[in-house]
Structures are given as C-alpha cells and as structure tokens.
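In this note's numbering, the protein residues as written are 1 to 232. See below for the structure under consideration.
Structure (structure tokens):
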C-alpha cells in the first residue's frame with residue numbers, strides 16, 4: 001500500500017445547533033485510512049457514523065478540524081468544487097438507494113457521469129459493463145419502482161462507480177435488504193475493494209461486513225473509542 005493515507009482527518013468536529021443547545025455529531029476525531037482499505041464504521045444510532053460519512057462525502061461542512069480525501073482538502077473547497085468532488089472523488093451508496101423514480105436503471109447509472117461532463121456513448125458503454133457485472137443486464141429499462149431491494153441497491157452501486165471514484169462510501173447499504181441480498185451487497189463491495197483497488201468506508205450496525213473488513217472504527221457519542229469494536 002501507498003504510505004500516504006487516502007483519507008486523513010484531524011480533530012474532525014461537527015456541532016449542530018438544536019434550539020439553545022449545541023449537540024456534537026462528531027466531537028473531534030483523528031484517523032488515517034490507507035488506500036485500498038475496507039473500513040467498517042461501527043456504533044449505535046447517534047454515535048456519529050452517518051455524520052462522518054456525510055463529511056467524507058462532501059454532503060456537510062465541518063465545524064472545525066482538517067480533512068483530506070484523495071489529495072483534496074475538503075474544507076477549502078468552494079461549493080462548485082464540492083460538486084465536482086462528489087462526482088469524481090467519492091461514490092456514495094445509501095441505505096434508501098436514492099434512485100430517481102422517473103429514470104430507468106440505465107439512466108440512473110449514467111446521470112452522474114453526464115452531469116460531470118462525460119460524453120454520452122462512452123458513459124453508456126461503461127454503465128452497461130458495470131450493470132452486466134452486477135447481474136442487472138435484464139433490468140436496464142425498468143424503473144426503480146419495478147425493482148426488488150437487492151436490484152435497487154446494485155443499481156445504486158453501479159451509479160456510485162460510473163465516474164471511477166477512488167473512494168466508495170456506504171451508509172448502512174444492507175439496512176433495507178434481506179439477509180441474502182445484504183450478504184451479496186457486502187460481497188460486491190469486498191470484490192471492488194480487493195480486485196478493483198477501491199477504498200471502501202462502510203457504516204453498519206451489524207456484523208455483516210466484519211469478515212471482509214481490513215479495519216474497524218468504533219464510534220460512541222461522536223468519538224472514536226477503539227479501532228476494534230468489541231462485540232457484546
């Protein structure tokens with residue numbers, strides 16, 4: 001592995017104002033992640049997992065601290081630069097899929113690349129390759145409402161991959177799936193990590209990805225409390 005971390009966070013803090021009170025989503029975490037790692041974020045609801053992923057994904061701004069992802073100083077990016085960061089540096093897979101309901105599977109997958117300015121035909125060809133790899137070649141022209149949960153999540157994974165981001169962020173990607181489809185999604189993320197060199201950061205309540213993770217970060221009350229989360 002490259003000695004330089006692909007993710008480098010120092011005193012990363014996110015404070016939310018709720019009425020007259022300040023609530024710490026993240027209370028000053030410091031960590032580094034090597035390129036090619038598969039990191040599982042563990043912790044109960046409210047521990048800071050989703051807040052951390054939102055900061056890594058450029059979906060939220062920190063209150064203070066430092067964050068570099070794939071040589072991008074996330075804190076210093078303008079709003080326009082953040083849009084490009086989200087399109088090219090990180091691919092995000094959500095628990096609720098977040099597919100556009102009026103677009104087909106193929107159109108959903110192509111959209112981020114077209115918005116990033118890539119030409120249509122190479123984008124379409126790449127989307128077809130990823131969808132075939134994910135076993136979705138028979139569902140290309142179906143709408144999200146016509147898909148099973150597993151199919152919707154595989155479509156979302158293809159969408160996250162379309163711009164070849166070095167980092168894949170997955171926020172409870174198995175949370176809305178049955179056990180079989182949940183394990184299939186983890187196997188896909190593991191293959192992308194192992195065979196395609198993608199750095200994966202996955203938040204989960206469960207142990208579903210423990211066997212394939214190269215590292216665990218355990219969060220509690222907005223703090224990293226242990227690199228290896230002990231099971232009760």
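Positions of the beta carbon are idealized from the N, C-alpha and C atoms, including for glycine.
Below 8 Å on the Cβ atoms is my guess for residue i versus residue j; work out the distance and round it to an integer in Å.
i	j	result
residue 204	residue 40	6 Å
residue 160	residue 91	3 Å
residue 102	residue 142	About 12 Å; that fails the 8 Å criterion.
residue 50	residue 226	Actually they are not in contact, since the Cβ atoms of residue 50 and residue 226 sit about 19 Å apart, beyond 8 Å.
residue 140	residue 106	5 Å
residue 112	residue 162	5 Å
residue 152	residue 93	Residue 152 to residue 93, Cβ: 11 Å. No contact.
residue 75	residue 212	Not quite, the Cβ-Cβ distance comes to about 31 Å (not below 8 Å), so this is no contact.
Going straight from the alpha carbon of residue i to that of residue j, what length do you get?
i	j	result
residue 132	residue 88	22 Å
residue 2	residue 36	Summary for residue 2: the model assigns pLDDT 49, below 50, so the residue's position carries little reliability; its value from the coordinates is reported in the next sentence. Answer to the nearest angstrom: the Cα atoms are 9 Å apart.
residue 210	residue 44	16 Å
residue 60	residue 135	33 Å
residue 54	residue 16	14 Å
residue 96	residue 202	14 Å
residue 84	residue 124	20 Å
residue 71	residue 167	12 Å
residue 24	residue 174	26 Å
residue 7	residue 165	13 Å
residue 127	residue 158	7 Å
residue 184	residue 177	10 Å
residue 137	residue 109	12 Å
residue 214	residue 200	10 Å
residue 232	residue 182	Any reading at residue 232 must be qualified, since the residue scores a pLDDT of 43, below 50, and its modelled position is unreliable; the value itself is stated next. Each residue's Cα considered, the two are about 22 Å apart.
residue 114	residue 129	16 Å
residue 217	residue 224	7 Å
residue 28	residue 73	17 Å
residue 221	residue 69	24 Å
residue 169	residue 86	11 Å
residue 42	residue 219	6 Å
With a 10 Å radius around its C-beta and 16 neighbouring C-beta atoms as the bar for buried, classify residue i as buried or exposed.
i	result
residue 47	buried
residue 121	exposed
residue 207	exposed
residue 52	buried
residue 100	exposed
residue 4	exposed
residue 98	exposed
residue 154	buried
residue 64	exposed
residue 236	Summary: the structure shown does not reach residue 236, with the chain confined to residues 1 through 232, and so no result is reported for it.
residue 26	buried
With a threshold of 8 Å (Cβ to nearest heavy atom), would residue i be considered close to the ligand MN?
i	result
residue 221	The ligand content of the structure shown is nil, which means the ligand MN is not present either.
Inter-stretch contact (C-beta, 8 Å, three-pair minimum) for the stretch 8 to 22 and the stretch 191 to 201: No contact exists between the stretch 8 to 22 and the stretch 191 to 201.
Counting Cβ pairs, one atom from each stretch, are 3 or more of them under 8 Å apart for the stretch 23 to 34 and the stretch 185 to 194? No, the stretch 23 to 34 is not in contact with the stretch 185 to 194.
Taking 8 Å as the threshold, find out whether the stretch 5 to 14 comes into contact with the stretch 180 to 190 through three or more Cβ pairs. Two segments are said to touch when three or more pairs of C-beta atoms, one from each, lie closer than 8 Å; by this definition the stretch 5 to 14 does not touch the stretch 180 to 190.
What alpha helix (DSSP H) runs, 4 residues minimum, are completely inside the stretch 116 to 182? Those alpha helix (DSSP H) runs which fall completely within the stretch 116 to 182 and span 4+ residues are 120 to 133, 149 to 161.
Enumerated in chain order, which unbroken segments of the alpha helix (DSSP H) with a length of 4 residues or greater are wholly contained in the stretch 75 to 106? Counting only runs of 4 or more residues that sit fully inside the stretch 75 to 106, the alpha helix (DSSP H) segments are 79 to 88, in chain order.
Check whether the stretch 143 to 151 touches the stretch 62 to 81, taking contact to mean three or more Cβ pairs, one atom from each stretch, closer than 8 Å. Between the stretch 143 to 151 and the stretch 62 to 81, the count of C-beta pairs closer than 8 Å stays below three; the two stretches do not touch.
Could you pull out every unbroken alpha helix (DSSP H) segment of at least 4 residues lying fully inside the stretch 10 to 56, listed in chain order? Within the stretch 10 to 56, the complete alpha helix (DSSP H) segments of 4 residues or longer fall at 49 to 56, listed in chain order.
Could you tell me which whole beta strand (DSSP E) segments of length 3 or greater appear in the stretch 187 to 219? Here the runs fully enclosed are 199 to 203.
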